[in-house]
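Structure record follows, encoded as structure tokens.
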Amino acid sequence: MDDTRTRVTSTTPRDRSLDERDLAYAIASRVFELRQAANMSQSELATLAGMKQGHVSRLESAKTVPTLPVLLRVAAALGMTLTVNLTQEESQ
Numbered sequence: 000m001d002d003t004r005t006r007v008t009s010t011t012p013r014d015r016s017l018d019e020r021d022l023a024y025a026i027a028s029r030v031f032e033l034r035q036a037a038n039m040s041q042s043e044l045a046t047l048a049g050m051k052q053g054h055v056s057r058l059e060s061a062k063t064v065p066t067l068p069v070l071l072r073v074a075a076a077l078g079m080t081l082t083v084n085l086t087q088e089e090s091q
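Residue numbers (this note's numbering): 0 to 91.
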């Protein structure tokens with residue numbers, strides 16, 4: 000499946016909150032897809048990533064926005080690397 004990309008562009012605190020939620024959902028979806036493709040349970044992923052199963056559950060349900068260190072551990076546990084793509088915003 001294609002990389003999930005979410006654009007964070009808002010400037011007001013309320014808009015940023017919405018963007019963070021969108022980003023959390025995009026991350027949740029991608030982690031879930033990768034875990035399923037690896038035929039791995041949440042508990043197995045948690046063990047490999049050095050966290051509790053509940054943390055994986057909250058990540059996959061977008062109840063939390065993971066930190067970069069958490070994303071790096073999850074990516075490594077899934078045999079992936081984490082990349083960040085910053086792009087210039089298009090003119091309106």
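We put the CB at the ideal spot given by N, CA and C, even for glycine. This one's a predicted model, so the numbers in the text were calculated from it and none came from an experiment.
message = Tell me which residue opens and which closes the alpha helix (DSSP H) that residue 42 is part of.
response = 41-48
Proximity below 8 Å, CB of residue 77 to CB of residue 34 = yes
inquiry  = Comparing C-alpha positions only, which one of 54, 89 and 61 sits nearest to residue 27?
reply    = 61
inquiry  = Rounding to the nearest angstrom, what Cα-Cα distance links residue 32 and residue 41 in this structure?
reply    = 12 Å
request  = Return the CA-CA distance between residue 63 and residue 86, expressed in angstroms with no decimal places.
outcome  = 24 Å
ask   = Grouping DSSP H, G and I as helix and E and B as strand, with all else coil, what is residue 81?
value = coil
query = Would a C-beta distance cut-off of 8 Å place residue 29 and residue 49 closer than the cut-off?
reply = no
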